[in-house]
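Heads up: the sequence lines are chains A and B, in that order.
Using the numbering used here, you'd call the opening residue of the first sequence number 1 and step up by one each time.
Using the numbering used here, you'd call the opening residue of the second sequence number 1 and step up by one each time.
Ideal Cβ placement from N, Cα and C applies to all residues, glycine included.
There are 2 protein chains.
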Amino acid sequence: MTRTSTLTPTADNAADTTRVAVSTVIFTLRRTSGAETPTVALPLVRRTRDPHEGQWALPGGWLDASEGLDAAASRTLGETTGLAPSYLEQLYAFGAVDRSPTRVISIVYWALIRPDEVPDESVENVQWFDAASLPRLAFDHNEIVDYALWRLRNKVGYSRIAHGLLADEFTLAELREVYESILQRRLDPANFRRQVENSGTLIPTDRFRTGSHRPARLYRYNQDVELADRGPLGGRH
Amino acid sequence: MTRTSTLTPTADNAADTTRVAVSTVIFTLRRTSGAETPTVALPLVRRTRDPHEGQWALPGGWLDASEGLDAAASRTLGETTGLAPSYLEQLYAFGAVDRSPTRVISIVYWALIRPDEVPDESVENVQWFDAASLPRLAFDHNEIVDYALWRLRNKVGYSRIAHGLLADEFTLAELREVYESILQRRLDPANFRRQVENSGTLIPTDRFRTGSHRPARLYRYNQDVELADRGPLGGRH
Numbered sequence: 001m002t003r004t005s006t007l008t009p010t011a012d013n014a015a016d017t018t019r020v021a022v023s024t025v026i027f028t029l030r031r032t033s034g035a036e037t038p039t040v041a042l043p044l045v046r047r048t049r050d051p052h053e054g055q056w057a058l059p060g061g062w063l064d065a066s067e068g069l070d071a072a073a074s075r076t077l078g079e080t081t082g083l084a085p086s087y088l089e090q091l092y093a094f095g096a097v098d099r100s101p102t103r104v105i106s107i108v109y110w111a112l113i114r115p116d117e118v119p120d121e122s123v124e125n126v127q128w129f130d131a132a133s134l135p136r137l138a139f140d141h142n143e144i145v146d147y148a149l150w151r152l153r154n155k156v157g158y159s160r161i162a163h164g165l166l167a168d169e170f171t172l173a174e175l176r177e178v179y180e181s182i183l184q185r186r187l188d189p190a191n192f193r194r195q196v197e198n199s200g201t202l203i204p205t206d207r208f209r210t211g212s213h214r215p216a217r218l219y220r221y222n223q224d225v226e227l228a229d230r231g232p233l234g235g236r237h
Numbered sequence: 001m002t003r004t005s006t007l008t009p010t011a012d013n014a015a016d017t018t019r020v021a022v023s024t025v026i027f028t029l030r031r032t033s034g035a036e037t038p039t040v041a042l043p044l045v046r047r048t049r050d051p052h053e054g055q056w057a058l059p060g061g062w063l064d065a066s067e068g069l070d071a072a073a074s075r076t077l078g079e080t081t082g083l084a085p086s087y088l089e090q091l092y093a094f095g096a097v098d099r100s101p102t103r104v105i106s107i108v109y110w111a112l113i114r115p116d117e118v119p120d121e122s123v124e125n126v127q128w129f130d131a132a133s134l135p136r137l138a139f140d141h142n143e144i145v146d147y148a149l150w151r152l153r154n155k156v157g158y159s160r161i162a163h164g165l166l167a168d169e170f171t172l173a174e175l176r177e178v179y180e181s182i183l184q185r186r187l188d189p190a191n192f193r194r195q196v197e198n199s200g201t202l203i204p205t206d207r208f209r210t211g212s213h214r215p216a217r218l219y220r221y222n223q224d225v226e227l228a229d230r231g232p233l234g235g236r237h
């Protein structure tokens, strides 16, 4: 059998009609006054041009030919929102033919930030939304957020991903609250305590959170485990 | 603060210089005569044009403007190798500036296939290699394979990914052999049996594998769990 070779230009290749963009999903926790559990929130940017002028969209922009994908995600996030998380993880490449009036492949990144990392200063055309009650977004961005939420809920079960939403030291109640916000359901405090204590990922400190309740021991994550282990890609960003 | 809008063309956007390709990593297990454990193997395609003419590369090709990413991965894999796995999963988008003489973003897919799914007929310019002893490949394809192997080793620990390399019914020894091949280390048979029996992912059948050894019970995976759960993306391929 004869087959064509790889990466060989063909007569109708898409070089002149397909463009590459990057977008970023930034999750944090936000406490609405009166609510028992904080909610997952993310920043969106109001589009000032067509297509979808006036609609909300994920922060992002075009990939520049002279920059890597990670660098493009950081740059466009900063340009649109002013946010500069220490680490962005690649989430997925979205490339459905009809996702935009022209052909656009969007490489989507994501990151978790602590509530205290959200700047107080407001940025023009940027607003934070509850992930559970978004308006109709531009392009396929609702679908992208749904996928990121699904990944977040899956990941919280087997990794230290909740760490990205917590201070360095935290109580078990604070950790449980993060899980409850992400999973959108209440967890039994005793079961939760047993599970995380058995997991080996937490180290108890000799410090306590004091306040209106009885003192609660502070824990920190075991730093022997990498927060975001990208394996062989780890050193490349 | 004023920030620029998202997805708005800029003067120097990369539309005319950045191209999108797809590549695919297909893993299977191959038993070399005399070897105790099978090895992880993958098909590579010899390049017949520059750049990197004569070097081995992952199967793949250019994205066509009229097809989705998943479709492009299936099409180019079929065109180069004749392989048609039932399911390809997106692995990662590689986009380092210097990974090719021109700017190319490669969306990489991967799949596992059983040894009996590897066609006997040889395909011109296609050869199967042991993943552990690859030659120097074209572009950054060694790095891509390393990343896929790392994901495979990680995933085998918490998912049913080994299922893709096994028949519908299998003995615990056959399952352990798959794990040993992927993890590249021997596992204690008694510990392994206890772990998988406790995991709830296997269902014992009332059938046995007979032959030169004593009869061994056949198991199958619990079909209540999706093999490759992509969450909200599941219905889109």
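* To do: Buried or exposed for A:T18, please, with buried defined as at least 16 other CB atoms from any protein chain shown within 10 angstroms of its CB.
  => Within the first sequence, the letter at position 18 stands for residue 18 of chain A. That one is buried.
* To do: Indicate whether B:V22 and B:L69 have their beta-carbon atoms separated by less than 9 Å.
  => Within the second sequence, residue 22 of chain B is the residue found at index 22, counting from 1. Within the second sequence, residue 69 of chain B is the residue found at index 69, counting from 1. Taking 9 Å as the Cβ cut-off, B:V22 and B:L69 qualify as a contacting pair.
* Work out the CA separation of B:D130 and B:S33 for me, nearest whole Å. => By one-based count along the second sequence, residue 33 of chain B stands at place 33. By one-based count along the second sequence, residue 130 of chain B stands at place 130. If I take the Cα positions, the gap works out to 14 Å.
* For A:Y221, collect the residues of the same chain with a Cβ closer than 7 Å to its Cβ; drop the 5 residues on either side in sequence, then sort them by chain order. => Position 221 of the first sequence, counted from the start, is the residue given in the question as residue 221 of chain A. Cβ within range, chain order: R160, H163, T201, L202.
* Touching by the beta-carbon criterion (3+ pairs, under 8 Å), the segment 56–76 of chain B and the segment 86–105 of chain A -> They touch, by the three-pair rule.
* Measure how close the beta-carbons of A:L218 and A:F170 come, nearest whole angstrom, since I'm counting them as under 8 Å. => Here residue 218 of chain A refers to the residue found at position 218 of the first sequence. Here residue 170 of chain A refers to the residue found at position 170 of the first sequence. Contact between A:L218 and A:F170 holds, with the beta-carbon distance rounding to 7 Å and staying under 8 Å.
* Asked: Of all the CB atoms in chain A, is at least one closer than 9 Å to the CB of B:Q195?
  -> Within the second sequence, numbered from 1, the residue matching residue 195 of chain B stands at position 195. No, its Cβ sits nowhere closer than 9 Å to a Cβ of chain A.
* Asked: What does a CB cutoff of less than 8 Å around A:A173 pick up in its chain, not counting 5 residues either side in sequence?
  -> For the purposes of this step, residue 173 of chain A is taken as residue 173 along the first sequence, with counting starting at 1. Taken in chain order, the residues that qualify are P189, A216.
* Asked: Residues in its own chain within less than 7 Å of B:S122 by CB, not counting five upstream and five downstream?
  -> Walking along the second sequence from the start, residue 122 of chain B turns up at place 122. Within the same chain, B:S122 has no close Cβ partners at all.
* Asked: So what does DSSP say about B:S122, is it helix, strand or coil?
  -> Working through the second sequence from its first residue, we reach residue 122 of chain B at position 122. Of the three classes helix, strand and coil, the one that applies to B:S122 here is coil, per DSSP.
* Is the CB-CB distance between A:L134 and A:L44 below 9 Å? -> As a position in the first sequence, residue 134 of chain A is number 134, starting the count at 1. As a position in the first sequence, residue 44 of chain A is number 44, starting the count at 1. With respect to the 9 Å criterion, A:L134 and A:L44 are classified as neighbours on the basis of their beta carbons.
* How big is the Cα-Cα spacing for A:N191 and A:T24? -> As a working mapping, residue 191 of chain A is identified with position 191 in the first sequence. As a working mapping, residue 24 of chain A is identified with position 24 in the first sequence. Those two C-alpha atoms are separated by around 35 Å.
* Determine whether the Cβ of B:E67 lies closer than 9 Å to any Cβ atom of chain A. => Position 67 of the second sequence holds residue 67 of chain B. Yes, because at least one Cβ of chain A sits closer than 9 Å to the Cβ of B:E67.
* Quick one: which chain A residues come within Cβ less than 7 Å of B:Y92? -> As a first step, residue 92 of chain B is located in the second sequence; it is residue number 92 there, counting from the start. Those are Q90, listed as they occur along chain A.
* Partner residues on chain B for A:A35, Cβ-Cβ distance less than 7 Å -> Here residue 35 of chain A is taken as the residue at index 35 of the first sequence, counted from 1. Within 7 Å Cβ-Cβ: nothing; A:A35 doesn't reach chain B, min ~25 Å.
* Is B:R30 near B:V40, with beta carbons less than 9 Å apart? -> Working through the second sequence from its first residue, we reach residue 30 of chain B at position 30. Working through the second sequence from its first residue, we reach residue 40 of chain B at position 40. The answer is yes: Cβ separation under 9 Å.
* Any contact of the segment 76–92 of chain A with the segment 46–60 of chain B, i.e. 3+ C-beta pairs under 8 Å? -> no
* Once you ignore the five residues that flank A:G78 on each side, which residues in its own chain have a CB closer than 6 Å to its CB? -> The residue given as residue 78 of chain A occupies position 78 in the first sequence. Excluding residues within five positions, the ones whose Cβ falls inside 6 Å are A84.
* the segment 103–134 of chain B: which residues have C-beta closer than 9 Å to a C-beta of chain A, in chain order? -> Answer in chain order: R103, V104, I105, S106, I107, E121, S122, V123, E124, N125, V126.
* Asked: Taking only beta-carbon atoms, is A:A96 less than 9 Å away from chain B?
  -> Within the first sequence, residue 96 of chain A is the residue found at index 96, counting from 1. True, the Cβ-Cβ gap to chain B drops below 9 Å.
* To do: Quick one: grab the DSSP three-state call for A:Q90.
  => The sequence position of residue 90 of chain A within the first sequence is 90, counting from 1. Correct three-state label for A:Q90: strand.
* Consider the Cβ of A:T18: report whether some Cβ of chain B lies at a distance smaller than 9 Å. => If you number the first sequence from 1, residue 18 of chain A lands on position 18. By this cut-off, A:T18 is an interface position.
* Asked: CA-CA distance, A:A148 and B:L137?
  -> Numbered from its first residue, the first sequence carries residue 148 of chain A at position 148. Numbered from its first residue, the second sequence carries residue 137 of chain B at position 137. The alpha-carbon atoms of A:A148 and B:L137 are separated by roughly 33 Å.
* Taking the alpha-carbon positions, what's the B:Q184 to B:P38 distance? -> Position 184 of the second sequence, counted from the start, is the residue given in the question as residue 184 of chain B. Position 38 of the second sequence, counted from the start, is the residue given in the question as residue 38 of chain B. So the alpha carbons of these two residues sit roughly 10 Å apart.
* **Cross-chain neighbours of A:L218 in chain B, by beta carbon under 8 Å** => Here residue 218 of chain A refers to the residue found at position 218 when the first sequence is read from its first residue. Within 8 Å Cβ-Cβ: nothing; A:L218 doesn't reach chain B, min ~29 Å.
* Asked: Between B:I113 and B:R153, is the Cβ-Cβ spacing less than 9 Å?
  -> Here the question's residue 113 of chain B lines up with position 113 in the second sequence. Here the question's residue 153 of chain B lines up with position 153 in the second sequence. No, the Cβ-Cβ distance between B:I113 and B:R153 is not below 9 Å.
* Give the single residue among B:T205, B:S106, B:R207, B:E143 whose Cα lies nearest to the Cα of B:G60. => Residue 60 of chain B sits at position 60 when you count from the first residue of the second sequence. Among B:T205, B:S106, B:R207, B:E143, the Cα nearest to that of B:G60 belongs to B:S106.
* Asked: Apart from the five residues on each side of it in sequence, which residues of its chain come closer than 8 Å, Cβ to Cβ, to A:A93?
  -> The residue labelled residue 93 of chain A in the question sits at position 93 within the first sequence. The residues are I105, S106, I107, V108.
* Asked: Taking the alpha-carbon positions, what's the A:S66 to A:L42 distance?
  -> The count along the first sequence starts at 1 and reaches residue 66 of chain A at position 66. The count along the first sequence starts at 1 and reaches residue 42 of chain A at position 42. Looking at the two C-alpha atoms, the distance is approximately 29 Å.
* Inter-residue Cα distance where the pair is A:A111 and B:R46 -> The count along the first sequence starts at 1 and reaches residue 111 of chain A at position 111. The count along the second sequence starts at 1 and reaches residue 46 of chain B at position 46. Whole-angstrom Cα-Cα distance: 39 Å.
* According to DSSP, is A:G60 helix, strand or coil? -> Your numbering for residue 60 of chain A matches position 60 in the first sequence. Three-state result, A:G60: strand.
* To do: Assign B:A57 to buried or exposed, taking buried as 16 or more other Cβ atoms, counted over all protein chains shown, within 10 Å of its Cβ.
  => Against the second sequence, residue 57 of chain B aligns to sequence position 57. Buried: at least 16 other Cβ atoms inside 10 Å.
* Asked: Just the Cα atoms here: how many angstroms apart are A:I26 and B:N125?
  -> For the purposes of this step, residue 26 of chain A is taken as the residue at position 26 of the first sequence. For the purposes of this step, residue 125 of chain B is taken as the residue at position 125 of the second sequence. Near 44 Å, if we compare the C-alpha coordinates of B:N125 and A:I26.
* To do: Would you kindly work out how many angstroms separate the C-alpha atoms of B:H213 and B:R207, rounded to a whole number?
  => What you label residue 213 of chain B is simply residue 213 of the second sequence in a count that begins at 1. What you label residue 207 of chain B is simply residue 207 of the second sequence in a count that begins at 1. Each residue's alpha carbon lies about 15 Å from the other.
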